[in-house]
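Q: For reference, each letter of the sequence shown is one residue, going 1 to 562 in the numbering used here. Every residue, glycine too, gets a C-beta built ideally from N, C-alpha and C. Pasting a structure here, questions to come.
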Amino acid sequence: MNTLFIQPDSAARRAGGNEFPTGGVFTLFLFLLLAPAARAESTGLTKGETEFLDYVGRPCPVIRLWPEGKVPDEPRPLPPESVTTEGRGGGPVFMIRSVSDPSMVILSPPEEKNTGVALVLAPGGGYGGLGADLVKEVGEWLNRRGITCVLLKYRVPKRHQGYDMHFQPLQDAQRAMGILRSRAVEFGIDPEKIGFGGASAGGNLAACLLMNHAERWYRPVDDLDKTRCRPDFGLLLYPAYLTDPIVSRNRVAKLGFDKINARDTPPTLTTICFADKFTFGSAEIYLAMRRANVPAEFHVYPVGGHGGGVAQYPFGQWADEFVRFLARQKFLREAPAANDAIPEAATGAKVHFDGGGAILLRPSSAPNSKAVVVCPDPSEPSSHSRAVRFATWLGTHGFTSLVIDPDETAAEIGIAMEAALDFSNLKASEWGTNEVGLCGFGNAARPVALAAAQAKRLRQNTDPVTFIHRPAFAILVSPRGLSPDPDTGLTALRPTSPPILILSSGNDPEIGQTADYYLKIEPTRVHAECHVYEAPGALDMESASDWGTATARWLNDLDAKD
C-alpha cells in the first residue's frame with residue numbers, strides 16, 4: 001500500500017527560493033514544487049489530493065485505499081478528478097469532485113501533543129462532491145488538542161447503476177479503517193482509539209459504518225482486509241438521509257438500524273442545528289442507540305442551518321462536548337479542565353409571595369438583566385438541594401434566581417410556579433432585572449413547558465395587584481411528562497413563544513417522550529436547544545461545567561438571538 005508525501009506550494013512560497021538546499025534530491029524536489037502541471041502525475045497524487053495539501057499548507061501522508069485496478073464495483077468511468085471553490089452560505093467551499101481513486105490524507109498533531117487518538121472524517125456534499133474545507137478546519141482544531149484527523153476522500157458522485165448512494169463510499173470507509181488500524185503505529189496512532197465521523201452525507205456514511213462493520217461489503221483484496229474495520233467511537237455532524245421522507249420519523253431500514261446493539265455499536269456523539277431539516281434523522285439514530293444502551297449523546301443548537309465546523313457559533317461548541325465525551329469514554333486520559341468552578345450552595349434569603357415561599361439568590365458576580373424562577377421536582381427530596389446549588393452556580397454568571405421551596409408552597413407546583421413568576425416580575429425594578437424565565441426539574445418541567453406553550457393559566461384567583469406574565473424563556477432539566485398529546489397543550493407553540501432549552505441524561509426513562517416533544521417544537525421554529533448527555537449522573541451539579549456552562553451560554557445568547 002503506497003504512502004505518498006508532498007510539500008505543498010504554499011509552503012514553498014513561504015520558504016522562498018534562496019532557502020532551499022541545492023543539488024541532487026532537493027533540486028528534483030524543487031522542480032516538482034515549481035511544476036504544478038506535472039506535480040500530480042510525478043508524485044502519484046490526484047488533483048484533489050494535490051490541491052488539498054496546498055490548501056492545508058503542510059506536508060501530510062497520503063494513503064491510496066485500493067491497489068491499482070482493484071477498486072470494486074465501478075460501473076462506469078468518470079471524468080478526471082477536479083476541485084472547485086464554490087460560494088455557499090458563509091463563504092467558499094473547497095469541493096473535490098469525480099473521485100474514482102479514493103485515499104486518506106493524515107493530518108497529524110505536533111508530536112509533543114499527540115494523544116494517539118485519531119478521527120477519520122468523511123466530508124459532506126450530497127454524495128456528489130466532498131467539502132474538504134471542513135476537514136481542514138476541524139483537523140486544525142483537533143490537532144491542537146493532540147488528536148489526528150484523517151480526510152477520507154471517498155468515491156463520489158453516486159453510482160446509480162444498481163447501487164445505493166452509500167454503497168461504494170461504505171466500501172471505501174471499511175477499507176480505510178482496516179488500513180489505518182493495520183498501520184496505526186506508523187502514524188503515531190493507537191489502533192484501539194480510531195473513530196469515524198462525517199458531516200451531512202459524510203454523516204450518513206459514518207452512520208452506515210457504525211452499523212455495518214461486521215462484514216465487508218466487497219471481496220477482500222489483501223491481508224489488510226483481515227483487520228477489523230469497526231470504529232472505536234463515532235461522530236455524526238448533521239447526518240443526512242437517515243429518515244425517509246427527510247422530515248419524518250421513518251428510519252431508512254436498509255441503512256442497518258436493526259444492527260445497533262450495545263456490544264457492537266461504538267460510543268457516538270450526534271450534533272446538529274435546530275433549523276436543519278435532518279434533525280429528525282439525527283434524533284432517530286440517537287434514540288436507536290439510547291434504546292440499545294449504546295453510550296451516546298445528542299446536542300442540538302438553536303441556529304445555524306445545515307453545515308458548519310468549529311468556527312460557527314454556537315454550533316461549534318459541539319467540539320468541546322466531543323472532547324469531553326472522548327475523555328469520559330476513556331479514549332483521552334483526562335477530561336478537559338472545567339470551564340467553571342462549581343460553588344457550594346449559598347444560603348440565600350427567604351421570601352414569601354402569594355401562596356408560597358422561596359429562596360432568593362442574588363448574583364455573586366456582575367449582575368445581568370435576567371432572573372430565573374427555579375422549580376424543584378416536588379416528588380424528589382434531593383431536587384431542592386440540586387436546584388439551590390444550580391441557582392448558586394447561575395449567580396456566579398450574574399443571574400438572579402428564585403428557588404421555590406416545596407415545603408412552603410401550595411400543593412400544586414404549577415400554581416406556585418406561576419405565583420413566583422408574577423412575584424419576580426413585580427420585583428424586577430428592585431432586583432435590576434427585566435426578563436424572568438422558568439426552570440423546572442423533573443416533574444416540575446411539565447408546568448414550565450405548559451407556560452412556554454402559553455396554555456391556560458392555572459391560577460384563577462388573581463387580584464388587581466397580581467401581575468400576569470408568561471416566561472421570557474423556559475429551561476427543562478430531566479423533564480418528566482412531556483408526552484406531546486395534542487390535548488395537553490404542551491406543543492401549542494408558535495414562533496412568538498419563548499425560547500426553550502432541554503437538558504437530559506443517559507438514564508432518563510422518558511427520553512423518548514422528551515425527544516418526541518422536541519421534534520414537535522421543530523416545525524414551529526421556536527428558538528430551541530437540546531443537550532442529552534450520556535453519563536447517568538450528567539445533570540448532577542458535579543457536572544455543571546458541562547450542562548451548566550451550556551445553560552449560561554444559552555441564556556446570554558438570548559439577547560442576540562434575533
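If you check the beta carbons only, do Leu332 and Glu297 fall under 7 angstroms apart?
A: no
Q: Hey, is the segment 287 to 307 in contact with the segment 523 to 535, meaning 3+ C-beta pairs nearer than 8 angstroms?
A: yes
Q: Report the rounded CA-to-CA distance for Ala253 versus Ile260, giving the unit in angstroms.
A: 12 angstroms
Q: Relative to the C-alpha of Leu255, which residue among Gly178, Asn368, Leu493 and Tyr241 is closest?
A: Tyr241
Q: What residue range is occupied by the uninterrupted beta strand (DSSP E) comprising Thr243?
A: That residue, Thr243, is in no beta strand (DSSP E); it is neither H nor E in DSSP.
Q: Provide the residue span of the beta strand (DSSP E) that contains Val532, from first to last.
A: Ala528 to Tyr533
Q: For Val150, which option in Ala173, Tyr163 and His166 has the closest C-alpha, if you only look at C-alpha atoms?
A: Ala173
Q: Note the first and the last residue of the continuous alpha helix (DSSP H) segment covering Ile404.
A: Element bounds for Ile404: not the alpha helix (DSSP H) but the beta strand (DSSP E), Thr400 to Ile404.
Q: Which one or two residues does DSSP pair with Tyr301 in a beta bridge?
A: Cys273
Q: So is Asp559 buried or exposed if we call it buried at 16+ other beta carbons inside 10 Å?
A: exposed
Q: For His352, report the span of its beta strand (DSSP E) as first-last.
A: Segment Ala349 to Phe353, the beta strand (DSSP E) holding His352.
Q: I'd like to know whether the C-beta of Glu321 is nearer than 7 angstroms to at least one C-beta of chain D.
A: The structure shown contains no chain D; it is built from a single protein chain.
Q: Quick one: what's Glu186 bridged to in DSSP?
A: Paired residues: none, contrary to the question.
Q: In terms of alpha-carbon separation, which member of Ile521, Gly506 and Thr496 lies closest to Leu598?
A: Outside the modelled stretch of the chain, which goes from 1 to 562, sits residue 598, for which no answer is possible.
Q: Rounded to whole angstroms, how far is the Cβ of Ser98 from the Cβ of Pro79, which I believe are closer than 8 angstroms?
A: 5 angstroms between Cβ atoms; contact.
Q: Pull up the DSSP beta-bridge partners for Val294, would you.
A: Looking at the DSSP assignment, Val294 forms no beta bridge with any residue, so it has no partner.
Q: Give the single residue among Asn368, Arg480, Ile415 and Asn443 whose Cα lies nearest to the Cα of Ser429.
A: Asn368
Q: For Gly548, count neighbouring Cβ atoms within 10 angstroms of its own Cβ and tell me buried if that reaches 16, exposed if not.
A: buried
Q: Classify His384: buried if its beta carbon has 16 or more other beta carbons within 10 angstroms, exposed otherwise.
A: buried
Q: Go to Ala391, then tell me how far its alpha helix (DSSP H) extends in each direction, as first and last residue.
A: Looking at the DSSP string, the run of the alpha helix (DSSP H) that includes Ala391 is Ser383 to Gly395.
Q: Determine the closest residue to Met211 out of Asp264, Arg175 and Leu235, with distance taken between C-alpha atoms.
A: Of the listed residues, the one whose Cα sits closest to Met211 is Asp264.
Q: Between the alpha carbons of Gly215 and Pro77, how many angstroms are there, rounded?
A: Sequence check: residue 215 is Glu here, not Gly. If you take the alpha carbons of Glu215 and Pro77, they lie about 27 angstroms apart.
Q: Quick one: grab the DSSP three-state call for Asn439.
A: The question names Asn, yet the displayed sequence has Cys at residue 439. Note: Cys439 maps to strand in three-state DSSP.
Q: So, are the CB atoms of Val105 and Asp133 less than 7 angstroms apart?
A: no
Q: On the premise that Asp223 lies in contact with Pro266, defined as a C-beta separation below 8 angstroms, what is that separation, rounded to the nearest angstrom?
A: Rounded, the Cβ-Cβ distance is 24 angstroms, inconsistent with contact.
Q: Can Trp554 and Leu519 be called in contact, C-beta distance under 7 angstroms?
A: no
Q: Quick check on Glu418: buried or exposed, where buried means 16 or more other Cβ atoms within 10 Å of its Cβ?
A: buried
Q: If Ala207 sits next to Pro239, beta carbons under 8 angstroms apart, how far is it from one beta carbon to the other, in whole angstroms?
A: 5 angstroms
Q: Give the secondary structure of Arg228 by DSSP, where H, G and I count as helix, E and B as strand, and everything else as coil.
A: coil
Q: According to DSSP, which residues form a beta bridge with Ala199?
A: Leu237
Q: Is the Cβ-Cβ distance between Ala449 and Val373 less than 7 angstroms?
A: no
Q: Assuming Asp405 and Ala451 make a contact with CB atoms under 8 angstroms, what is their CB distance in whole Å?
A: In fact, because the Cβ distance is near 19 angstroms, the residues do not count as touching under 8 angstroms.
Q: Going by other Cβ atoms of all chains shown within 10 Å of its Cβ, with 16 needed for buried, is Arg480 buried or exposed?
A: By the 10 Å Cβ count, Arg480 comes out buried.
Q: First and last residue of the alpha helix (DSSP H) that includes Met417?
A: Ile413 to Leu426
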